[in-house]
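Trainee: Okay, handing you the structure first.
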Amino acid sequence: MHHATPLRRLLPALLATTLLAGGVLLGQTAAAPTAEAAVSGTCHPEQLRRQAHVERNRAAELKRLGAREDARRAYARADALERRAKQCERADEVVAPPFGR
93 MHHATPLRRL LPALLATTLL AGGVLLGQTA AAPTAEAAVS GTCHPEQLRR
143 QAHVERNRAA ELKRLGARED ARRAYARADA LERRAKQCER ADEVVAPPFG
193 R
């Protein structure tokens, strides 16, 4: 039985290592976006502007009701949505050529 002890240590360690490596690889492939998703634009400026408009209306209503702090936060969210929409439009306009061309 003296010779079985190293195998008792080696096999579980080898199995654990294999399972961990497989889990890491599976996690990386599941989390990585596909090439099609990366190519197609995920930015929708018109939708972002609509959301900003809704948020501004909500902020105005909160301000009218006297919830000034919540209104301030809603205005900040609307401004952030507007900035994101502008960034999307600029990214669509200024597309860098592929590397090496």
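Position one of the sequence shown corresponds to residue 93 (the numbering used here), numbered consecutively onward.
Backbone N, C-alpha and C fix where the C-beta goes; we use that ideal spot for every residue, glycine too.
Using 8 Å as the threshold, is the stretch 141–149 in touch with the stretch 103–111, meaning 3 or more CB pairs across them?
Mentor: No, because fewer than three Cβ pairs between the stretch 141–149 and the stretch 103–111 fall closer than 8 Å, the two stretches do not touch.
Trainee: Excluding the 5 residues flanking residue 162 on each side, which residues of the same chain have their C-beta closer than 7 Å to its C-beta?
Mentor: For residue 162, where only same-chain residues beyond five positions count, the Cβ hits under 7 Å are 154.
Trainee: Taking only three categories from DSSP, how would you classify residue 134?
Mentor: Residue state, collapsed to three classes: coil.
Trainee: Give the single residue among 157, 136, 109 and 97 whose Cα lies nearest to the Cα of residue 177.
Mentor: Checked all of 157, 136, 109 and 97; the closest Cα to residue 177 is 136.
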